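All residue numbers for the sequence shown refer to the UniProt record's numbering, where the first residue is 1 and numbers rise by one.
Here a beta-carbon is modelled for each residue, glycine too, at the ideal position from N, C-alpha and C.
The structure displayed is predicted, hence computed values, not measured ones.
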Amino acid sequence: MSQLRSRKPGPSAAATIREPESEDATAEKLTLTYEPKDPEYKYYGAMMIITLIAAYLRFSNLEFPSRVVFDEVHFGKFASYYLERTYFFDLHPPMAKLLIAAWGWLAGYDGHFKFDNINDDYLKHDVPYAWLRSLSAVQGTLVVPVLFLTMKTLGFSVSAALFSSVLVAFDNAQINDSRLILLDATLILAVTLTMYCYANYSKVRTQPWSVKWWFWLYATGISLSLVISTKYVGVFTYAAIGVGIAYELWILLDADRGLSMVQFTYHFAARAWALIIVPFCLYLFWFYLHFAILTKSGPGNNFMSSEFKETLEESELDVIAKSLQYGDTITIKHQDTGAFLHSHDFVYPLRYEDGRVSSHTQQVTAVKPGQHFTGDAADDENNLWIVEAPQGDKEGDGVFTQDQFRLRHVGTGGYMLTHDVASPLLSTNEEFTVGFNDDVAVGGRLYNDTLFRFRFGGKDHKARKQIKTKTSQIKVMHVATVVAMWTHDDEVLPQEWGFGHQEVSGNKKVAESNNLWTIDEIVGMSEDDPRNVHEPRPVKHIPFLKKWWELQGLMFRHNNQLSSEHPYASQPDAWPLALSGVSFWNDNENKRQIFFVGNIIGFWVQTALLAVFVGLVFADLVTRRRHVFILTNQARSRLYHTLGFLFIAWGCHYFPFFLMHRQKFLHHYLPAHVIAAMFAGGLVEFLTSNNSTLRGTHMGLRRKKNLLVSALLIIPVIWCFYFFSPLTYGNVVLPPDEVRKRQWFDIILHYNK
1 MSQLRSRKPG PSAAATIREP ESEDATAEKL TLTYEPKDPE YKYYGAMMII
51 TLIAAYLRFS NLEFPSRVVF DEVHFGKFAS YYLERTYFFD LHPPMAKLLI
101 AAWGWLAGYD GHFKFDNIND DYLKHDVPYA WLRSLSAVQG TLVVPVLFLT
151 MKTLGFSVSA ALFSSVLVAF DNAQINDSRL ILLDATLILA VTLTMYCYAN
201 YSKVRTQPWS VKWWFWLYAT GISLSLVIST KYVGVFTYAA IGVGIAYELW
251 ILLDADRGLS MVQFTYHFAA RAWALIIVPF CLYLFWFYLH FAILTKSGPG
301 NNFMSSEFKE TLEESELDVI AKSLQYGDTI TIKHQDTGAF LHSHDFVYPL
351 RYEDGRVSSH TQQVTAVKPG QHFTGDAADD ENNLWIVEAP QGDKEGDGVF
401 TQDQFRLRHV GTGGYMLTHD VASPLLSTNE EFTVGFNDDV AVGGRLYNDT
451 LFRFRFGGKD HKARKQIKTK TSQIKVMHVA TVVAMWTHDD EVLPQEWGFG
501 HQEVSGNKKV AESNNLWTID EIVGMSEDDP RNVHEPRPVK HIPFLKKWWE
551 LQGLMFRHNN QLSSEHPYAS QPDAWPLALS GVSFWNDNEN KRQIFFVGNI
601 IGFWVQTALL AVFVGLVFAD LVTRRRHVFI LTNQARSRLY HTLGFLFIAW
651 GCHYFPFFLM HRQKFLHHYL PAHVIAAMFA GGLVEFLTSN NSTLRGTHMG
701 LRRKKNLLVS ALLIIPVIWC FYFFSPLTYG NVVLPPDEVR KRQWFDIILH
751 YNK
């Protein structure tokens, strides 16, 4: 211990005193990498083995279930719209969705299936769903070898690269997102490619203006563009690479480097060109392709301005769309869930299970085709509503947005209303019900509660335009309390009194896009009705950048409005330890389920190693303040530059979520999880190497110790994957006691009783 306290050089303390760094040592600050520690054949042999394992885990039973699972309802739908060239609106950039559409086109898929509801049967509609899912499986598999090569490029050993790859290859959440028609596999592959390209760039960054230098700089910029063109959370990858580039420029700015300001400006301009301007042009290209393909009117029309909508050709829906008039009998369909507005001669219970009191009046619910009724929605009079003017004297006049109206239920004859009574499932929302007789007559005590107005979603929400069936996406706004009619299918009404129907309630968050409905059909129109005659409209042209700017603004605004509650939403503090998950799919008949959750042991290993790193850095900084230099120069460079960069990259992909006030889910952590896996493999190697000036002259990796530690960590990770695999693949029926065994932490599973 006296050696560690020594502050003067001497025979016993010389090893702990750091000599001043030479110019060569300062130059080393610009590189993250070292030479590989093992022969090439070992790297490629190990990489091939773990890649084949990853492929097997992702492609196994890819055809199960043969039904729409979770967000396939969105991204499969968007691919279908591309193939039919029908305009739609989504919050994410177009690149990954275009890839899904192109992948489907290769299989001869024509986009006829619209993925309307979770659990819809693919086989009945002849959808090449396994092929569409295989795109994610290919991308999810490629993440593993790219990660492995990144670790090799960073100079880590075969065992470190293999350790990192196992954490991703055997992660249940990564496998889940690599087996469905989703965007996450594209995003994670693009993030991993960015890290790989940047690692290669860092290896040649001391050879500026060389062919390799330009190649890897451009490759990094293109990879960054692929990330941001998939999802806007790709900006976090930009932040991570930006930290590394900013540090590099800061070193180059040092006068001792010998660069003039003109030379430094060239360096700055080259990076700005390759990492910002070129990627931005590629980002714009995907939108150009997006607009070039989507030339027909579609469900995204009503988000856009009138000028934008005039650039779209009329679709088949436009041709069959009919103008809504007072006195029409209609069916009303919820845009997100595909359920129809419904009522019936049953009342809400006097008291709910939680003790809250209801109005004990007639229920207003939403019902799905195939679940609650067969055939056409118009066949059941309980799905039919008559649009009436407030005073009942406008029959035959057109119904416009912003005008007041009432809805009379055909099946029971009452008028729909909402009031200041809590809805059955959400105490923050208003209950929808039906009133009768004098109470809802003009001047009656409930008359004002029956008044509603239609409002367009999107940019034209203040416009006054006539409502049309099929194409007008509208919000049903309550005049008196200013709530929007809303329904959801993540939780349904109890079977005993609500028959498993969806709750309909008044949502106070009126700006949310999931408040949208459409008038699906006008029932009983005569053949000689003038509305059956269609008059085509001309198509106009506006510049690409003007269209892009309008769409970009809408995407950012709607992204910021994603603040509604979701039963499976989670906060970032729960992600690193995989404390919760998301229910992706349930089979009530056979009691099977797919539940999205990470490899819990793998997540905990990563988090523990991240904490160990913080401790190591703190200990090193404190001891150096006392002139005690334990780590070698090479070890400190490894700790601060290579591992430090990976730690910062992880933080850039994780900590910003604490500042976001939108819905957040565990899948948002997966890019950070991949980077944490790289970091974990690197830190295990660091901890099992001789990095100290106090342990003799044999520096470097202690292979036996490294293999032992790696094996002790990898074995439980692989066990955890297989333990939770029935929930990952969903093709195994677990008895209730086995289901309960998998309810770790805050995980609540179906069929646990």
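Could you tell me the distance, in whole angstroms, from the CA atom of K333 to the CA atom of V211?
58 Å
Counting pairs of beta carbons, one from the segment 423–432 and one from the segment 350–358, are three or more of them closer than 8 Å?
yes
Report the residue ranges of all beta strand (DSSP E) runs contained in full by the segment 480–548; include only those spanning at least 3 residues, in chain order.
For the segment 480–548, the continuous beta strand (DSSP E) assignments of 3+ residues that do not extend past its boundaries occur at 484–487, 502–507, 517–523, in sequence order.
Please check the pair residue 763 and F595, which I expect to be a contact at CB under 8 Å, by giving their CB distance rounded to whole angstroms.
The requested residue 763 does not occur in the structure, where the chain is confined to residues 1 to 753.
In whole angstroms, what separates the C-alpha of S505 from that of D345?
18 Å
Quick check on DSSP: helix, strand or coil for S22?
Note that S22 scores 39 on pLDDT, short of 50, meaning its location in the model is unreliable and no value can be drawn from it.
Can you give me the C-alpha to C-alpha distance between P530 and R453, rounded to a whole angstrom?
25 Å
May I have the straight-line CA-CA distance separating C197 from I277, to the nearest angstrom?
In this structure, the alpha-carbon of C197 lies about 18 Å from that of I277.
How long is the line joining the alpha carbons of E527 and V533, rounded to whole angstroms?
10 Å
With 16 as the cutoff for other CB atoms within 10 Å, does A269 come out buried or exposed?
exposed
According to DSSP, what are the bridge partners of W385?
I330, H409
Within its chain, find whatever has a CB closer than 7 Å to the CB of residue 759; leave out the 5 residues flanking it on each side and keep chain order.
Within the shown structure, residues of the chain are numbered from 1 to 753, placing residue 759 beyond reach of any answer.
When the Cα of L616 is compared with those of F655, H673, V684, which residue comes out closest?
V684
Looking only at C-alpha atoms, which of S305, K152, I100 sits nearest to L135?
I100
Using a Cβ-Cβ cut-off of 6 Å (strictly less than) and excluding sequence neighbours within five positions of K309, which residues of its own chain qualify?
For K309, the CB contacts under 6 Å within the same chain, skipping 5 residues up- and downstream, are N301 in chain order.
Check whether the Cβ atoms of H372 and H478 sit closer than 8 Å, and answer yes or no.
no
Could you round the C-beta distance between R96 and G140 to whole angstroms and report it? I think they count as a contact, below 8 Å.
With the sequence shown as reference, residue 96 is identified as Ala, and Arg is not the correct amino acid for it. With a Cβ gap of about 13 Å, A96 and G140 do not count as contacting.
Name the residue from A672, S164, V732 whose alpha carbon lies nearest to the alpha carbon of P572.
A672
Buried or exposed, going by whether 16 or more other CB atoms sit within 10 Å of the CB of Y56?
exposed
Going by the CB atoms, is the gap between W216 and residue 838 shorter than 8 Å?
There is simply no residue 838 to check, as the chain begins at 1 and stops at 753 in what is shown.
Are there three or more Cβ pairs, one per stretch, closer than 8 Å when the segment 642–650 is compared with the segment 664–682?
Yes: at least three Cβ pairs fall under 8 Å.
Can you give me the Cβ contacts of Y87 inside the same chain, cut-off strictly under 7 Å, excluding the 5 residues immediately before and after it?
Apart from the 5 residues on each side of it in sequence, Y87 sits with its Cβ closer than 7 Å to the Cβ of L294, K296, S297, G298, G300, N301, L312 in its chain, given in chain order.
Per DSSP, which residues does R455 bridge with? Please list them.
Per DSSP, K475.
Find the nearest neighbour of H488 within the set S423, F287, P128, judged by alpha-carbon distance.
S423
Measure the alpha-carbon distance for Q606 versus A680 and round it to whole angstroms.
The straight-line gap separating the alpha-carbon atoms of Q606 and A680 is approximately 6 Å.
Could you say which of G644, R703, L659, F285 lies nearest to G244 if we only look at CA atoms?
G644
Under the three-state reduction of DSSP, which class applies to E313: helix, strand or coil?
DSSP places E313 in strand when its eight states are reduced to three.
On a CA-only basis, which of Y247, T194, V235, W209 is nearest G221? Give me that one, please.
T194
Quick one: using the 10 Å Cβ neighbour count with 16 as the cut-off for buried, is V319 buried or exposed?
exposed
Beta carbon of L289, beta carbon of R179: below 8 Å?
no
Report yes or no: do the segment 513–527 and the segment 320–340 share at least 3 C-beta pairs separated by less than 8 Å?
yes
Name the two residues that bound the continuous beta strand (DSSP E) containing Q363.
Going by DSSP, Q363 is part of the beta strand (DSSP E) stretching over 362–367.
V539: which of Y109, E314, Q495 sits nearest, CA to CA?
E314
Could you give the residue range of the alpha helix (DSSP H) that holds Y751?
Counting along the chain, Y751 falls outside any alpha helix (DSSP H), and DSSP gives it neither H nor E.
Residue range of the beta strand (DSSP E) that G435 falls in?
430–435
For the alpha helix (DSSP H) that H267 lies in, which residues bound it at each end?
261–272
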